[in-house]
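Note that my numbering has the sequence shown beginning at 18, numbered continuously upward. Don't be surprised by glycine CBs; every beta carbon is placed ideally from N, CA and C. Note that the coordinates shown come from a computational prediction; the quantities given were computed from them, not determined experimentally. Accompanying notes for the structure given below.
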Amino acid sequence: MKLSYLAVVSIFLFMNAAFAQSQLAFTPSDEIFLNPERGFYTELSSWNEFGAMTAGQMNDAKKLNQSLILRLYYLPQWTGSPLSATFFTMFQNDMRLLRQSGMKCILRFAYSNNIGVVDAPMSIVMNHLDQLAPYLQQYSDVIAFLQAGFIGAWGEWHSSTNNLDNTASRKQILEKLLSVLPKDRMVQLRTPYFKYSIFGAYSPIADSNAFNQSNYSRTGHHNDCFLADASDMGTYSDTTFEKSFIHFDGQYVPVGGETCGQSIFSGCDNSLYQMRRLHWTYLNNQYHPTVLSGWAANGCKTDMQKNLGYRIELMDGTISTISKPGGTLSLNLRLRNVGYASLFNPRDVELIARNATDTFYVKLPVDPRYWQSGDTATLSAEVGIPANFVSGDYALLLNLPDQSTTLHYTPAFSVRLANTNVWEAATGYNNLGAKVNVDPANSSPTYGGTLFFSRLSKPTDVRNEYQSLTYKLAVKNYPNPFNNETVIVYTVNEPALVTLKVYNVVGQELGTLVNEFRERGDYSVHFDSASVHGMMSSGIYYYTLSTQKSVASGKMILLK
């Protein structure tokens, strides 16, 4: 069924046997690498409006090849009142930090962190969702998906102190969540029972109704007690039926979660089988430590690091070696998804043609979300060479960028294919290792379609916070020289992640004074020499202000 569908959605216009083509062959990679919206994640919880994420936390996650953060906002102080303006300032800073770090979040809101701890009544939940709505829309680009949350302990839809743990209340909150999110973003529910009880539907999503932006097609699953016992601690009320349900449903919606204890079910063989069968995209890298250490010791965690979510390999294909202005370029590639799951958020597929001075692209009419786990897909297209193309050789590359305008041109959000010697980290392109020569003298069929290359020109109104901002920094201190205490003042001319550190004369780091997101503006920080590694002796010291794009430094003299 899947292969026949892929054959239909692939772009077959016409293929000319006389067309000069290059045979392509690709080598799969065994490397563990970072890719958007998949893999192990780090959980970061906030308990008030002063718990913003930091650049250090993002860097630590990326060192582990993680592209996801589970951002869990606990809201216990607002169970009877609107969310504060300070909370939304923190939320915006967190989302901007994700953009700048090249990462996304799994998002959840909850009031209670344990059974018996109060949650909020329905009126407050609805009010908070109305408040959140514009922010969820604005920052949906870095929200991989949202977990339903709000109700009961840990926002897992049980143990509500306000009697919200019933089908009617769950339905009301789910519908509200789906209404305040953009139509291309999904929500996860804690158990499969919640989905089919709310919708009154017992048939999983199929090709025919996948990704149609209906509420049903936008509702996925998270399991926060994976492999703990036969029913995953009550995740399944009918294990046989509900695992079969997720096996099919999970081809089109995100599935993932965390383990919660070692059991006879959490050994390597069963764990790998269940992850592939249930199409797991992501997994907590912190909990449960006993299960995780067991996987590491027995050698199966490596398989999970590689194959959670999608992992797409180029296999082979053919591509035109010559064309002419106004002529045709023919492409025919085979790919396979060896990961446990598929892509679930919209994503473009672009063919890139690049020479020494220009880059051209064409968006291919194919949906990579249908490149499902275990499938081989065919990507075939014929593309027109514009009449004004300059003669010469053009390298050919494949790009799978994020569809959002804010992230589209950021390489960190493009999909890396699992092959050796194809990935270009600087561009986010996958190099096909082929060239096409464009020359008016070449024998090439004249193109009669509508799919033409266009010159790549990044829109000037797109604010790419990860790649395009130029940060201008200034820093100084006064008084200077100083006796024990001084004030370091600095200027940030564009929003940025800012780090301010102090060093001694031989370059040893003495402390970090700032490691936070800063809006454009002037700032100051008080520095007390007694507070950094004890009392400092008289002498020369340095401070360095840095962002991802710029560094400024200054010298201060301590006199006692």
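In this structure E399 touches T345 by the C-beta definition: roughly 5 angstroms separates them, less than 8 angstroms. Taken atom to atom, the span from the alpha-carbon of G119 to that of P199 is near 21 angstroms. Looking at the backbone, the Cα of S261 and that of A227 are separated by about 17 angstroms. One alpha carbon belongs to D158, the other to L424, and they sit about 7 angstroms apart.
Listed in chain order, the non-local C-beta contacts of Q40 below 7 angstroms within the same chain comprise T335, local neighbours out to five positions each way being set aside. When the five nearest sequence neighbours on each side are left out, the beta carbons in the same chain lying within less than 7 angstroms of the beta carbon of D456 are those of K341 and S408, in order along the chain. The three-state reading of DSSP puts H264 in helix, counting H, G and I together.
If you look at L191, you'll find it in the alpha helix (DSSP H) that goes T184 to V197.
Take the alpha-carbon of G68 and the one of Y210: they are about 34 angstroms apart. Residue burial is scored here from C-beta neighbours: W64 has fewer than 16 other C-beta atoms within 10 angstroms and is therefore classed as exposed. Within the segment 78 to 155, the alpha helix (DSSP H) runs of at least 4 residues that lie entirely inside it are, in chain order, 102 to 118 and 139 to 155. By alpha-carbon distance to M292, the top candidate from A245, A358 and S310 is A358. Proximity of the segment 347 to 367 to the segment 324 to 338 meets the contact definition, three or more beta-carbon pairs being nearer than 8 angstroms. By the Cβ-count criterion, P99 is exposed, with fewer than 16 other Cβ atoms from all chains shown falling within 10 Å of its own Cβ.
Approximately 17 angstroms separates the beta-carbon atoms of I160 and L206; this is outside 8 angstroms, ruling out the contact. Spanning the alpha carbons of L115 and T71 requires a straight line of approximately 10 angstroms. Look at the segment 344 to 402 and you find these whole runs of beta strand (DSSP E), each 3 residues long or longer: 345 to 354, 367 to 371, 376 to 380 and 393 to 401.
An exposed status is given to R537, since fewer than 16 other beta-carbon atoms sit within 10 Å of its beta-carbon. Residue pairing of H239 in beta bridges, as defined by DSSP: G273. According to the DSSP secondary-structure assignment, Y446 is paired through a beta bridge with E441. Under the 10 Å beta carbon count, Q117 is surrounded by 16 or more other beta carbons and is classified as buried. By the neighbour-count criterion, in which 16 or more other beta carbons inside 10 Å mark a residue as buried, F108 falls on the buried side. Sixteen is the threshold: when 16 or more other Cβ atoms of the shown chains lie within 10 Å of the Cβ of H239, as they do, the residue is buried.
In the DSSP assignment, T319 falls within the alpha helix (DSSP H) that extends over K318 to N324. A check of alpha carbon separations from G465 across S347, Y560, I263 and D241 identifies S347 as the nearest.
Measuring C-alpha to C-alpha distances from R88 to each of G133, P151, G166 and D136 identifies G166 as the nearest. Taking 8 angstroms as the cut-off, the beta carbon of Q322 is found closer than this to the beta carbon of F57. Look at E533 here: in three-state DSSP terms it is strand.
Contact between the segment 139 to 147 and the segment 185 to 193 is present, with at least three C-beta pairs closer than 8 angstroms. Between A245 and G278, the C-beta gap is smaller than 8 angstroms, which places the two residues in contact.
A distance of 8 angstroms or more separates the beta carbons of S214 and G169.
Counting the other CB atoms within 10 Å of its CB gives A443 a total below 16, which places it among the exposed residues. Nearest neighbour of K380 by Cα position, chosen from S337, W388 and G401, turns out to be G401. Cβ contact annotation for P53 (same chain, cutoff 6 angstroms, sequence separation greater than five): S84 and F430, in chain order. Boundaries of the beta strand (DSSP E) around F57: G56 to S63. Just so you know, the alpha carbons of T516 and N179 end up roughly 44 angstroms apart.
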